[in-house]
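Enquirer: Residue numbers (my numbering): 181 to 324. Heads up, the beta-carbon is just placed ideally off N, CA and C, and yes, glycines get one too. Structure incoming, see below.
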Amino acid sequence: MLYAGLDIHKSFSQAILMTETGKIIKKRKIETSEEGMKEFFSGFDKVKVVIESTTIWEPVYECLENLGHEVKLSHPLKTKAIAYARIKTDKIDAKTLADLLRSNLLPESYIPRSNLLPESYIPPKSIREIIFQLIFIQKKVESG
C-alpha cells in the first residue's frame with residue numbers, strides 16, 4: 181500500500197508519496213489542479229491520500245476520489261496536537277500527514293455526504309435567507 185500527504189494551498193501544494201515503511205518514493209511541489217494531481221499520481225493506483233481540512237479541501241478531495249484514490253480528511257486541530265506530542269512541532273506538512281496516515285494515527289474530520297440529504301434540499305445561501313425562511317415558518321404556524 182502507498183500513502184500520500186498533500187499540504188494544499190490555493191495555487192500550489194506540497195505532495196509526498198511513501199511506502200508503508202516510510203520510504204519516500206516521490207516528493208515535489210505540484211499545481212493545485214486536476215492536471216497537477218493527475219501528473220503526480222500517474223502510474224500509481226489506489227493510493228491512500230490525506231489532505232488537511234482547509235478552505236479549499238473540497239475540490240481537491242473530489243479530484244483525488246475521481247482519480248480512484250482513497251482520500252482521508254485530516255482534522256486540523258487534532259492533527260496539530262498529535263503531531264506536536266509526537267514530533268515536538270506544530271508545523272503540519274505533507275510528510276507529517278502521510279506519516280500519521282500510514283501509522284493509523286490520523287484524526288479524521290467528518291464529511292457529510294450529499295446523498296444523506298433529500299433531493300429537494302437546497303442549502304441556504306445566506307443568513308438573510310435563513311431569517312426569511314424562519315419568518316415564513318413563524319407566519320405559517322401563527323395562521324394555523
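#1: Kindly list the residues whose CB is nearer than 6 angstroms to the CB of F220, restricted to its own chain and excluding five residues on each side of it in sequence; keep chain order.
#2: Note the first and the last residue of the continuous alpha helix (DSSP H) segment covering F220.
#3: When you compare the stretch 272-280 with the stretch 181-200, are there three or more beta-carbon pairs, one atom per stretch, that lie closer than 8 angstroms?
#4: So, helix, strand or coil for K190, using DSSP?
#5: Please report the residue range of the beta strand (DSSP E) in which E200 lies.
#6: How about E288 and P256: are their beta carbons less than 8 angstroms apart?
Expert: Working from what's here:
#1: A195, I210
#2: 214-221
#3: yes
#4: coil
#5: E200 -> no beta strand (DSSP E), and no H or E assigned at all.
#6: no
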